[in-house]
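Here's the structure we're looking at; comments come further down.
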Amino acid sequence: MNLILLGPPGAGKGTQSKRLEEKFSIVQLSTGDMLRAAVASGSEIGQQAKAVMESGGLVSDELVIGIISDRIDQDDCKNGFILDGFPRTVPQAEALSTMLAEKSLQLDHVIELTVDDDAMVERICGRYTCSKCGAGYHDSFQKPATEGVCDNCGSTDFTRRADDNAETVRNRLNAYHEQTAPIATYYGDRGILKQVDGMAAIDDVTSTLENLIG
Ligand code: AMP
């Protein structure tokens, strides 16, 4: 099963993808995560992406399309994948269609998590993850049971993304509205777009998604 989860930064794509990965034995492919790993490793791709990412802009279509194409070819994607953060522009959506056709693959669902923009800055600026296992938390909405200790693995080491600050978040939301919202229209026109209220409680969003794709 191959899916795309669409929605602005903070809509819950990462959180929901992790749950769907387990339930359907498919792999989450987040271009943001891949690019952050490239920046951390200091690779050539990372060096090209770093400044753009820090400002909240979009890295080049060519670069992300190449990353995704290589990643889909890996063995762990055989059972299916969830694209998170890609495609983000209409040219990326078009390139994805061509790429999947060449690989004899198809998209089963495109789901947009819809949100209230004003709530997004608070949601994003409060989020953090466990440095050891990647479990996601939030200052207001999803605290660990014991403060400062990861529920999942017990680690006390947490990280916040460098681009989760109010100014960059606003730039990322603007980039979403200008460049990414049109891809919802792109998939809507092809009759494969479904919308889910991303402002609902996390568990309710998960059930709705599972029912839609299960
Ligand atoms: P994300 O984790 O999806 O919010 O992505 C973080 C940053 O990585 C974005 O603000 C962009 O700079 C870059 N990025 C991630 N995915 C893409 C993409 N599909 N196209 C262009 N830039 C991307």
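Residue numbers for the sequence shown follow this note's numbering, beginning at 3 and rising by one.
Here a beta-carbon is modelled for each residue, glycine too, at the ideal position from N, C-alpha and C.
As the structure is a prediction and not an experimental result, all values here were calculated from the model.
For residue i, three-class secondary structure by DSSP
i, result
"residue 108", "coil"
"residue 26", "helix"
"residue 76", "coil"
"residue 8", "strand"
"residue 86", "strand"
"residue 32", "strand"
"residue 138", "strand"
"residue 124", "helix"
"residue 154", "coil"
"residue 149", "coil"
"residue 48", "helix"
"residue 1", "With the chain covering 3 to 216 only, the question about residue 1 has no answer from this structure."
"residue 206", "helix"
"residue 61", "coil"
CB contact flag (residue i, residue j, <9 Å)
i, j, result
"residue 195", "residue 66", "no"
"residue 201", "residue 121", "yes"
"residue 82", "residue 4", "yes"
"residue 49", "residue 41", "yes"
"residue 22", "residue 215", "yes"
"residue 186", "residue 56", "no"
"residue 130", "residue 138", "yes"
"residue 84", "residue 69", "no"
"residue 2", "residue 63", "Missing from the structure shown is residue 2; the chain here goes from 3 to 216 and no further."
"residue 151", "residue 78", "no"
Those residues which DSSP pairs with residue i across a bridge
i, result
"residue 197", "114"
"residue 161", "131"
"residue 144", "140"
Closest residue to residue i among the options (Cα-Cα distance)
i, options, result
"residue 73", "15, 48, 36", "36"
"residue 173", "193, 17, 58", "58"
"residue 8", "203, 178, 213", "178"
"residue 171", "43, 102, 124", "124"
"residue 33", "13, 46, 20, 89", "89"
"residue 13", "167, 203, 209, 131", "203"
"residue 1", "187, 75, 117, 27", "Outside the displayed span of the chain (3 to 216) sits residue 1, for which this structure offers no information."
"residue 193", "109, 10, 103", "109"
"residue 208", "156, 142, 115, 154", "115"
"residue 87", "15, 206, 190", "15"
"residue 38", "53, 144, 24", "53"
"residue 169", "17, 126, 51, 45", "126"
Distance between beta carbons of residue j and residue i, contact taken as under 8 Å
i, j, result
"residue 91", "residue 182", "7 Å"
"residue 184", "residue 117", "With 8 Å as the limit, residue 184 and residue 117 do not qualify as a contact, their Cβ atoms being about 17 Å apart."
"residue 134", "residue 153", "About 12 Å; that fails the 8 Å criterion."
"residue 141", "residue 175", "With a Cβ gap of about 19 Å, residue 141 and residue 175 do not count as contacting."
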